[in-house]
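As structure tokens, the structure follows; a few thoughts come after it.
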Amino acid sequence: MSSDNQWSADEEEGQLSRLIRKSRDSPFVPVGIAGFLTVVSYGLYKLKYRKDQKMSIHLIHMRVAAQGFVVGAVTLGEMEYLQYLHFWLCNRVLRRCDLCFIQGTLGL
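Note that the sequence shown covers residues 1 to 108 in full-length UniProt numbering.
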């Protein structure tokens, strides 16, 4: 077996460096994480005052809200990236829009 394929601990990426890299690639990752933690914290705070609601129902609602926030943040991040590609790359760099279907549809 060659030594090129062996695993070493030096090549392993740490959790913090991975989070920083993901944050640079997609700036809405920290927004999603912060929103998730906020929703979970609020849900745990409201756990005291849930009155006659079952614990399992409360936890399901909390999980759905937290996941919805993360999905919304990822969706907004992708929309931001597509707008960056369209407006910056097409309009500023290329000075035309070959990537966009709107140009052909509107006859521009």
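Think of the CB as a built atom: it goes at the ideal place given N, C-alpha and C, for glycine as much as any other residue.
Can you check which of these residues, G72, Y84, H86, is closest to F28 by C-alpha distance?
G72
Tell me whether V64 is buried or exposed, calling it buried when 16 or more other Cβ atoms sit within 10 Å of its Cβ.
exposed
Taking 8 Å as the CB-CB cut-off, is L82 touching chain E?
Note that chain E does not occur in the displayed structure, where there is just one protein chain.
CB-CB under 7 Å to E12, same chain, minus the five flanking residues each way: which ones, in chain order?
none
Taking 8 Å as the cut-off, does the stretch 75 to 86 touch the stretch 45 to 55 (at least 3 CB pairs, one atom from each stretch)?
no
Just to check my reading of the structure: M69 and G32 have Cβ atoms closer than 8 Å, yes? What is that Cβ distance to the nearest angstrom?
Correcting the residue type first, residue 69 is Phe in the shown sequence and not Met. Sure, about 7 Å apart at Cβ, within 8 Å.
Same chain, Cβ closer than 6 Å to R50, neighbours up to 5 away in sequence not counted:
H58
Starting from S26, follow the alpha helix (DSSP H) in both directions and report where the run begins and ends.
Where S26 is concerned, there is no enclosing alpha helix (DSSP H), given that its DSSP letter is neither H nor E.
What are the start and end residues of the alpha helix (DSSP H) that includes R63?
55 to 83
Skipping 5 residues on each side, what residues in its chain have a beta carbon closer than 8 Å to that of Y81?
S26
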